[in-house]
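Student: Before I ask anything, here is the structure I am working with.
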Amino acid sequence: MASKFEHPVLIELSDSARAGFRGLAAEKHLQRLGINIPDTPNLATYGDELAVLRLSPKEFWLLQHPLAEDSPLDKVQDAALPAQDVYRLFCRDSHAWFWLVGDRAADVMAKVCGVDLRAVVFPPGTIAQTSVARVNAIVVHQTLGNDTCFNLLCDSAAAEYFRRCMLDAMAEFGGQCMEREQLLTIVNQG
Numbered sequence: 011m012a013s014k015f016e017h018p019v020l021i022e023l024s025d026s027a028r029a030g031f032r033g034l035a036a037e038k039h040l041q042r043l044g045i046n047i048p049d050t051p052n053l054a055t056y057g058d059e060l061a062v063l064r065l066s067p068k069e070f071w072l073l074q075h076p077l078a079e080d081s082p083l084d085k086v087q088d089a090a091l092p093a094q095d096v097y098r099l100f101c102r103d104s105h106a107w108f109w110l111v112g113d114r115a116a117d118v119m120a121k122v123c124g125v126d127l128r129a130v131v132f133p134p135g136t137i138a139q140t141s142v143a144r145v146n147a148i149v150v151h152q153t154l155g156n157d158t159c160f161n162l163l164c165d166s167a168a169a170e171y172f173r174r175c176m177l178d179a180m181a182e183f184g185g186q187c188m189e190r191e192q193l194l195t196i197v198n199q200g
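Sequential numbering of the sequence shown, starting at 11, is according to the numbering used here.
If you want it as structure tokens, here you go:
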């Protein structure tokens, strides 16, 4: 099936729900809540409503799918934490979040990142904690329908600089920014 995105698209999702947990008991805490956890660090699992990123043996970020109508994070955030060895990370406050979508997304990333993000080397579900446009970033490969999609998370203080760098890298490929509502319309088109 053909891509729904003729050119790369950048969507800012910094206002989307996400949460993090760290500690020796973080994995067991999330499993008790019914969360599907990746087996090893630098992998992600995806569902229709939630992505779970395992950034280290004891650090997990949960990203609510920006196009999901329900909020699966509510039950996770409302659940009481164990008495010790797990604490919350406020990654929504500390990190900006972007999606880069389209068949040329890996080509765009090659201009700003030293990691080879082509699907044959960096398949969906893989995480790279690396530098993007000289900013520390977390890059997570997923798919959006048949399209390549990279979750890009960077320090919120660098968000505007990061966005400008990404737009510059996308220019060669006719890339553009898009609002979440526009993305939803494209994704829902038959």
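Cβ atoms here follow ideal geometry from the backbone N, Cα and C, with glycine treated the same way. Predicted model only: the values in this text are computed from it and were never measured.
1. Note down the Cα distance separating F132 from W71, rounded to an integer number of angstroms.
2. For a test of the three-state rule: what should DSSP assign to H75, helix, strand or coil?
3. Run through the region 88-126 for me and flag every whole beta strand (DSSP E) of 3 or more residues, listed as ranges in chain order.
4. With a threshold of 8 angstroms on Cβ separation, who are the neighbours of I47 within its own chain once the five nearest residues in sequence on each side are excluded?
5. Give me the residue from A181, V145, Q192, A138 with the minimum Cα distance to F10.
6. Which class does A36 belong to by DSSP, given the choice of helix, strand or coil?
7. Counting along the chain, where does the alpha helix (DSSP H) carrying Q192 start and finish?
8. In chain order, which beta strand (DSSP E) runs of at least 3 residues are fully inside the region 41-70?
9. What are the boundary residues of the beta strand (DSSP E) that includes A138?
10. Do A4 and C123 have their C-beta atoms within less than 9 angstroms of each other?
11. What number of angstroms, rounded off, separates the C-alpha of A35 from the C-alpha of A147?
12. So L177 is in the alpha helix (DSSP H); what residue range does that whole segment cover?
13. Looking at the structure shown, is V131 part of a helix, part of a strand, or coil, going by DSSP?
14. Within 10 Å of its beta-carbon, does V130 have 16 or more other beta-carbons around it, so buried, or fewer, so exposed?
15. Find out if the Cβ-Cβ distance for the pair V118, F183 is shorter than 9 angstroms.
16. What does N161 pair with, by DSSP beta-bridge criteria?
17. Does DSSP put L83 in a helix, in a strand, or in coil?
18. Do you know offhand how far A116's Cα is from A29's?
19. Does the distance from the CB of F108 to the CB of M176 come in under 9 angstroms?
20. Is L110 near A120, with beta carbons less than 9 angstroms apart?
Tutor: Looking at the atomic coordinates:
1. Taking the straight line joining both Cα atoms gives about 20 angstroms.
2. coil
3. 97-99, 105-111
4. E37, L40, Q41, T55, V62, R64, F70
5. Lying before the first or after the last residue shown, residue 10 is absent from the chain, which here runs from 11 to 200.
6. helix
7. In this chain, the alpha helix (DSSP H) harbouring Q192 covers 190-198.
8. When DSSP assignments are scanned along the region 41-70, the uninterrupted stretches of beta strand (DSSP E) that are 3 or more residues long and fall wholly within it turn out to be 53-56, 60-66.
9. 137-142
10. The shown model of the chain, from 11 to 200, leaves out residue 4, and the question about it has no answer.
11. 25 angstroms
12. 169-181
13. If DSSP states are grouped into helix, strand and coil, V131 belongs with coil.
14. exposed
15. yes
16. Note: N161 sits in a beta bridge opposite W109, V150.
17. helix
18. Rounded to whole angstroms, A116 and A29 show a C-alpha spacing of 27 angstroms.
19. Taking 9 angstroms as the cut-off, the Cβ atoms of F108 and M176 count as close.
20. no
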